[in-house]
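Using my numbering, the first residue of the sequence shown is number 4, and each one after it goes up by one.
Virtual Cβ for every residue (Gly too), placed ideally from N, Cα, C.
Please read the structure below before turning to the comments.
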Amino acid sequence: MAACLVRPGTPVVSVSGDGGFLFSAQELETATRLGLTFTHIVLRDNAYDMVGFQEVLRYGRTSGVALGDYDIVSYAAAFGARGHRVETLDDFGATVRRGLAEPGVSLIDVPVDYSRNAELAADLHADSFE
Numbered sequence: 004m005a006a007c008l009v010r011p012g013t014p015v016v017s018v019s020g021d022g023g024f025l026f027s028a029q030e031l032e033t034a035t036r037l038g039l040t041f042t043h044i045v046l047r048d049n050a051y052d053m054v055g056f057q058e059v060l061r062y063g064r065t066s067g068v069a070l071g072d073y074d075i076v077s078y079a080a081a082f083g084a085r086g087h088r089v090e091t092l093d094d095f096g097a098t099v100r101r102g103l104a105e106p107g108v109s110l111i112d113v114p115v116d117y118s119r120n121a122e123l124a125a126d127l128h129a130d131s132f133e
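Right under this line is the structure:
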């Protein structure tokens with residue numbers, strides 16, 4: 004018998020980058036078919052940046068980490084979920100509250116700029132990304 008880890012009615016929020024989201028984006032079909040309710044925030048920079056910035060640190064360049072610019076709002080709708088796009092920081096809080104208030108699955112597309120990740124990571128311990 005499966006155990007419920009979340010009390011019914013408890014808001015559930017998950018967060019991933021767009022590359023990480025795409026690794027299991029097909030699970031959106033399962034979630035909507037089963038009538039689950041949660042809000043997933045997708046931090047989108049159109050790249051597998053967790054790989055990319057480590058490539059920069061190690062090799063001085065990236066290779067094979069760019070993603071095309073896909074429409075998360077339309078992707079959500081294709082599976083019967085609600086999609087939202089945040090355009091400004093001021094929109095973020097209201098959009099998350101809206102997603103949490105909706106029944107079913109909500110995806111929130113948040114554009115981000117990770118262009119300084121390699122610079123920031125350079126200050127971490129040398130074996131942090133091995």
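Where residue i falls: helix, strand or coil (DSSP)
{"i": "Ser19", "result": "strand"}
{"i": "Phe82", "result": "coil"}
{"i": "Ala50", "result": "strand"}
{"i": "Thr42", "result": "strand"}
{"i": "Ala124", "result": "helix"}
{"i": "Arg61", "result": "helix"}
Proximity of residue i and residue j at Cβ, strictly below 9 Å
{"i": "Arg47", "j": "Val115", "result": "yes"}
{"i": "Leu148", "j": "Leu70", "result": "Residue 148 lies beyond the residue range present for the chain, which begins at 4 and ends at 133; the question has no answer from this structure."}
{"i": "His87", "j": "Gly102", "result": "yes"}
Residue i - containing beta strand (DSSP E), residue span
{"i": "Leu110", "result": "Val108 to Pro114"}
Sequence-distant residues of the same chain with beta carbon closer than 8 Å to residue i, five excluded per side
{"i": "Asp52", "result": "Gly20, Gly22, Val68, Tyr117 and Asn120"}
{"i": "Met4", "result": "Any answer about Met4 is weak, because its pLDDT of 42 lies below 50 and its placement is not dependable; what the coordinates show is given next. Nothing meets the Cβ criterion."}
Residue range of the unbroken alpha helix (DSSP H) whose run includes residue i
{"i": "Ser37", "result": "Residue identity check: residue 37 is Leu in the sequence provided, not Ser. No alpha helix (DSSP H) holds Leu37; DSSP gives it neither H nor E."}
{"i": "Ala104", "result": "Leu92 to Ala104"}
**OP:** Taking 8 Å as the threshold, find out whether the segment 81-98 comes into contact with the segment 56-67 through three or more Cβ pairs.
**Re:** no
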